[in-house]
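In terms of my numbering, the sequence shown opens at residue 2 and continues consecutively.
Worksheet for the structure shown next.
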Amino acid sequence: MLLDALKCQNKARPPVWIMRQAGRYLPEYRALRQKHSLRDLFFTPELAAQVTMMPIDLIGFDAAILFSDITVVALALGYSLDFAEGPVINGKLEKKPIEVLEPIFKTIRILKKELKVPLIGFCGGPYTVASYINGDPALLEPITEVTIDYIREQERMGVDAIQIFESWANRLNDEEFDRFCMPYLKRIIDAASVPVILFMRGASKRVEKLVQLKPDAISFDWEAPLSELRKKVPMAVQGNLNPDLLYESFDTIRLKTKELLDSMQNDPGFIVNLGHGMKPDMSVDAVKCLVETVQCNQISYK
């Protein structure tokens, strides 16, 4: 279903998954987190696979996304990485073999044996990763090179799609975006051999630029109606419910979700998601309400 939607060939209901669907809103995750550090969860393949599977087993999303972090490529650049209070990156640039990320690749191998839904791998956009390190534009080239190696190895291990999180690009003006994002994102997208979803905050303000990059899908936030954005986008679209909808009543969740579904009828390239990641204090029942609304809804196709 997801893979058909990424090719704009889906004739069933739209697939649904949510950014940060494996995380702190799940009691089962919080229980695991009490026993293990975040670094242990990311780099112990059996644990990372367990966390990745949680929302599939408990809620029934139509796709899984690898439980990891966009900053892990810093290890392949020679930096140290600590997650005690968010990602803290120290050291100096000294490129390492991509095998330094072998625990993540083993996680993918485990998941491909267990999952019955597509597995989405991911990476950070070079500008966003550089922002977490020290913001030096000189890092964009080595980050891009390592990221290409990283996604190719994810593909070799079996991921079905890749999502690029260029989360911080909304801080740039147009000239800076053209200089610090466009060429590097283009190289990563062109290097991929599986479908690529491109996520960026404020994507609705740079639709034409993102279309030029030719990803297989663009993931939008809630700043503009998805049905209007669709008129400008020839590839698949993903989104774009406001995450705060999950704080509302079940009736409101159903209403707003159905409004989105109705606005995207007859669209075989539509993937339901939030416009940004979930928050830790969101309710599991609210998430289930959203997912069940999508999965029980019948979208008609011409």
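Built from N, CA and C at the ideal position, the CB exists for glycine as well.
Collapsed DSSP secondary structure at residue i in the structure displayed
i	result
Phe123	strand
Val118	coil
Ala49	helix
Phe43	helix
Ala65	strand
Lys303	Reliability of the predicted coordinates at Lys303 is poor, the pLDDT of 36 falling under 50, and no value is obtained from them.
Ile60	coil
Leu230	helix
Tyr185	helix
Gln22	coil
Asp70	coil
Glu95	coil
Ser250	coil
Cys297	helix
Asp312	Given a span of 2 to 303 for the chain in the structure shown, any question on residue 312 remains unanswerable.
Tyr80	coil
Asp282	coil
Cys290	helix
Gln10	coil
Ser38	coil
Met1	The structure shown does not extend to residue 1, since the chain is modelled only from 2 through 303, so no value can be given for it.
Glu260	helix
Asn171	helix
Ala32	helix
Ala193	coil
Glu176	helix
Glu100	helix
Leu27	coil
Ala225	coil
For residue i, the residue or residues it bridges with in DSSP
i	result
Phe166	Gly125, Phe200
Ala218	Ile198, Ala237
Asn243	Bridge partners of Asn243: none, in fact.
Val160	The partner list for Val160 (beta bridge, DSSP) is empty, contrary to what the question assumes.
Gly87	Ala85
Val17	Val273
Integer Cβ distance of residue i from residue j, believed to fall under 8 angstroms
i	j	result
Val73	Leu102	6 angstroms
Pro88	Tyr133	6 angstroms
Glu154	Phe106	6 angstroms
Phe221	Gln164	No, Phe221 and Gln164 are not in contact; Cβ-Cβ is about 13 angstroms, not under 8 angstroms.
Pro16	Val285	Pro16 to Val285, Cβ: 20 angstroms. No contact.
Gly203	Glu167	Not really, about 10 angstroms apart at Cβ, beyond 8 angstroms.
Pro1	Asp161	Nothing about residue 1 can be reported from this structure: the residues present for the chain run from 2 to 303 only.
Ile57	Ala65	5 angstroms
Leu247	Val288	6 angstroms
Arg14	Asn241	Not quite, the Cβ-Cβ distance comes to about 17 angstroms (not below 8 angstroms), so this is no contact.
Leu78	Pro143	6 angstroms
Ala218	Val238	7 angstroms
Thr53	Leu112	6 angstroms
Leu27	His37	That pair is no contact at about 14 angstroms.
Chain D within 8 angstroms of residue i, Cβ atoms only
i	result
Glu260	In the structure shown, chain D does not exist; there is a single protein chain.
Near the ligand NAP: residue i beta-carbon under 7 angstroms from a heavy atom
i	result
Ile163	Among the components of this structure there are no ligands whatsoever, and the ligand NAP is therefore not found.
Taking one C-beta from the stretch 167-181 and one from the stretch 147-158 each time, how about it: are there three or more such pairs within less than 8 angstroms?
no
Mind the definition here: the stretch 227-242 touches the stretch 207-218 only if three or more C-beta pairs lie below 8 angstroms; say whether that holds.
yes
Secondary structure, alpha helix (DSSP H): runs of 4+ residues fully inside the stretch 133-158:
141-158
Count the C-beta pairs between the stretch 53-65 and the stretch 289-298 that are closer than 8 angstroms, then say yes if the count reaches three, no if not.
yes
Are the stretch 185-197 and the stretch 95-107 touching by the rule of at least three beta carbon pairs closer than 8 angstroms?
no
For the stretch 275-284 and the stretch 250-266, state whether three or more C-beta atom pairs, one from each stretch, are separated by less than 8 angstroms.
no
The stretch 155-174 touching the stretch 193-210, judged by at least three CB pairs closer than 8 angstroms
yes
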